[in-house]
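Student: Numbers in this note's numbering are just positions in the sequence shown, counted from 1, shifted up by 802. For every residue, glycine included, the Cβ atom is placed at its ideal position computed from N, Cα and C. Since we're looking at a predicted model, the values are computed, not measured. Here it is, the structure, as structure tokens.
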Amino acid sequence: MSIELPNGAAAWRARARRLAERDVLPIAEEIDRTDRVPDPVVRALREAGLFGLGIPRSWDGSGGDARSISAVLEELARGSAAVAVLLAVHLSVCAAPILEWGSDAQREKYLRPLARGDGIGAFALTEPGAGSDAGSLTTRYVSEPSGYRLRGTKMFTSNGVSAGAILVFATRDPALGHGGISAFVVPPGTSGFSVSQRLDKLGLRGSETTELVLDGVPVAPDGLLGPEGSGLKIALSALAGGRVGIASCALGVAQAAFDEMLRTVRRADEPWKRTLVARSFIDLASARALVDRAAERKDAGAAFVTEASAAKLVASRAAVSIASSGVDVAGPEGVRAGGVAERLLRDARVFPIVEGTTEIQELILGRNLLEPGRFPNS
Ligand SMILES: Cc1cc2nc3c(=O)[nH]c(=O)nc-3n(C[C@H](O)[C@H](O)[C@H](O)COP(=O)(O)OP(=O)(O)OC[C@H]3O[C@@H](n4cnc5c(N)ncnc54)[C@H](O)[C@@H]3O)c2cc1C
């Protein structure tokens, strides 16, 4: 079935807003009570062509630039952060690196189904003992005549249960350091692959967060993405793009929290509430400016890593701060379980952690600002 696709960020935003208001917002509380995004929502995303965003139409994608992706993720996150994160992970850290690093044969096999939404993408870098220092991962691979075999445990893999393709990072030998790490596209369901835990969380509860065990998982020769040994480079470049997406999700939560605050504050006209609203407005506007700037630079083909880190840091901080002020403004209603204000605060609190913590963004910013051009895309 071919669908009519919007042209330009404003049109994509309008499509995502309609979808969020019709299919997501009415069941946001239900999504918060589950540990996965319900099938009808996934179907709506698919029918709207959102799984193909940023992927050329020649690969069954929907086209669209970084500004379009940013607008869509923001609008979805205004409805449900979990839904937005499902799409952000699929697009930015699974489909985008396969598009960038894959051969045409790999794009045919792995990217085309992702672009159509026939499978959801996931990204497995983090391990129980390797998060911020991703280069210290210990999941191993060995080469075999029939391809490769992976062994290890991955932690906090989003979309881990429903994934149709997972980008897995593994090392030939930890003694080789960063140059020993390679990236593999792993179709779940392969022998030796299992989801060992579904993690319950403070926020983003409807987003699947999983622990994966790879117990001798066989990977075909065409499962190796990019040259052997370039895995960490692939992971870091995917994360840089991913941060524009995650910043957009955080911006959506910040906007939703601000809207909720205005709705509540109108009921009681007190000076301290006006101060919180004023500060929140400035936080929101600053975050929006940085997110737009990062997406614009990415679209222009300019270096954007510094801007992506700044956008991710400021937007996630804004989401937490505005959602927290929203709880204050709402008074006792603000802390009631099942209320909008408390859900937004719980969701917001996860954003300073995912795709690189606030401290790691500060490290990237400091490094790039003091040593410009030393690192790719800085
Ligand atoms: C909901 C959720 C979804 C996620 N989804 C995915 C996913 O799909 N795929 C994936 O691979 N990972 C995913 N992650 C993992 C996430 O990227 C990591 O949690 C994050 O990178 C931090 O790693 P860590 O939890 O091991 O913390 P650590 O690296 O152990 O850090 C602990 C604390 O120490 C600080 N710290 C660490 N190193 C430094 C340093 N050098 N200087 C200053 N401070 C430092 C950190 O900022 C943090 O506050 C997800 C996490 C969450 C919570």
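1. Apply the 10 Å Cβ neighbour rule to P828 and answer buried if 16 or more other Cβ atoms are within range, or exposed otherwise.
2. Give every residue of the same chain whose Cβ lies closer than 7 angstroms to the Cβ of G1028, excluding the five residues on either side of it in the sequence, and list them in chain order.
3. With DSSP collapsed to three states, give me the class of E1013.
4. Helix or strand or just coil, what does DSSP make of F986?
5. Using only the alpha-carbon positions, how far apart do V891 and G923 sit?
6. Quick check on the DSSP output: the alpha helix (DSSP H) that includes A1113 runs from which residue to which?
7. Which one of R1007, I968, D1071, N1179 has the shortest CA to CA distance from R1151?
8. With a threshold of 8 angstroms on Cβ separation, who are the neighbours of S938 within its own chain once the five nearest residues in sequence on each side are excluded?
9. Which residues mark the beginning and the end of the alpha helix (DSSP H) in which E849 is found?
10. What's the gap between the Cα of L1115 and the Cα of A879?
11. Would you tell me roughly how many angstroms separate the C-alpha atoms of P808 and G1047, rounded to the nearest one?
12. DSSP puts A1020 in a beta bridge; with which residues?
13. Taking 8 angstroms as the cut-off, decide whether the C-beta atoms of G1133 and E1144 are in contact.
14. In three-state DSSP terms, what is F1083?
15. How long is the line joining the alpha carbons of R1081 and D1130, rounded to whole angstroms?
16. Are there any heavy atoms of ligand 1 lying less than 7 angstroms away from the beta-carbon of I1162, as far as the coordinates show?
17. Does the beta carbon of T959 fall short of 7 angstroms from some heavy atom of ligand 1?
18. Could you give the first and the last residue of the continuous alpha helix (DSSP H) run that contains L875?
19. Helix or strand or just coil, what does DSSP make of T928?
20. Could you tell me which residues DSSP puts in a beta bridge with I968?
21. Measuring straight from C-alpha to C-alpha, what distance separates F995 and D1149?
22. For G865, which residues does DSSP report across the bridge?
23. Rounded to whole angstroms, what's the CA-CA distance from R953 to G1033? Just pull it up for me.
24. Return helix, strand or coil for F958, following the three-state DSSP convention.
25. Measure the C-alpha to C-alpha separation of N1179 and V1067 and round it to an integer number of angstroms.
Tutor: Let me lay it out:
1. To locate residue 828, count along the sequence shown from 1; it is residue 26. Exposed: under 16 other Cβ atoms inside 10 Å.
2. Numbered from its first residue, the sequence shown carries residue 1028 at position 226. Here the set comprises W903, A985, I1036.
3. As a position in the sequence shown, residue 1013 is number 211, starting the count at 1. Here E1013 sits in strand by DSSP.
4. The sequence position of residue 986 within the sequence shown is 184, counting from 1. Assignment of F986 by DSSP, reduced to helix, strand and coil, places it in the strand class.
5. Counting from 1 along the sequence shown, the entry for residue 891 is found at position 89. Counting from 1 along the sequence shown, the entry for residue 923 is found at position 121. So the two alpha carbons sit approximately 7 angstroms from each other.
6. If you number the sequence shown from 1, residue 1113 lands on position 311. Segment 1107-1132, the alpha helix (DSSP H) holding A1113.
7. Here the question's residue 1151 lines up with position 349 in the sequence shown. Checking every option, the nearest Cα to that of R1151 belongs to R1007.
8. For this step, residue 938 is matched to residue 136 along the sequence shown. Closer than 8 angstroms at the Cβ level, and outside the excluded window around S938, lie G931, A932, P976.
9. The residue given as residue 849 occupies position 47 in the sequence shown. For E849, the enclosing alpha helix (DSSP H) begins and ends at 841-849.
10. Here the question's residue 1115 lines up with position 313 in the sequence shown. Here the question's residue 879 lines up with position 77 in the sequence shown. Their Cα atoms are separated by approximately 17 angstroms.
11. The count along the sequence shown starts at 1 and reaches residue 808 at position 6. The count along the sequence shown starts at 1 and reaches residue 1047 at position 245. The alpha-carbon separation between P808 and G1047 amounts to approximately 19 angstroms.
12. Your numbering for residue 1020 matches position 218 in the sequence shown. Checking the displayed sequence, the identity of residue 1020 turns out to be Pro instead of Ala. Bridge partners of P1020 according to DSSP: R951.
13. Reading the sequence shown from its first residue, position 331 is the one you call residue 1133. Reading the sequence shown from its first residue, position 342 is the one you call residue 1144. Cβ distance not < 8 angstroms, so G1133 and E1144 don't count as in contact.
14. Numbered from its first residue, the sequence shown carries residue 1083 at position 281. Three-state result, F1083: helix.
15. Start at 1 with the first residue of the sequence shown, and residue 1081 comes out as number 279. Start at 1 with the first residue of the sequence shown, and residue 1130 comes out as number 328. If you take the alpha carbons of R1081 and D1130, they lie about 13 angstroms apart.
16. Within the sequence shown, residue 1162 is the residue found at index 360, counting from 1. Yes; taking the cut-off as 7 angstroms, the Cβ of I1162 has a heavy atom of ligand 1 nearer than that.
17. Within the sequence shown, residue 959 is the residue found at index 157, counting from 1. Under cutoff, so the answer is yes.
18. Walking along the sequence shown from the start, residue 875 turns up at place 73. Run containing L875: 868-881, per the alpha helix (DSSP H) assignment.
19. As a working note, residue 928 is residue 126 in the sequence shown. Secondary structure at T928: coil, using DSSP grouped into helix, strand and coil.
20. To locate residue 968, count along the sequence shown from 1; it is residue 166. Paired residue(s): A924, V988.
21. In the sequence shown, residue 995 corresponds to position 193, counting from 1. In the sequence shown, residue 1149 corresponds to position 347, counting from 1. Near 29 angstroms, if we compare the C-alpha coordinates of D1149 and F995.
22. In the sequence shown, the residue the question calls residue 865 occupies position 63. Beta-bridge annotation (DSSP): G865 is paired with L855.
23. Position 151 of the sequence shown holds residue 953. Position 231 of the sequence shown holds residue 1033. Each residue's CA atom was taken as its position, placing R953 and G1033 some 16 angstroms apart.
24. Counted from its first residue, the sequence shown places residue 958 at position 156. In this structure, F958 counts as strand in the three-state DSSP scheme.
25. Locating residue 1179 in the sequence shown gives position 377, where the first residue counts as 1. Locating residue 1067 in the sequence shown gives position 265, where the first residue counts as 1. Pairing N1179 with V1067, the inter-Cα distance amounts to about 43 angstroms.
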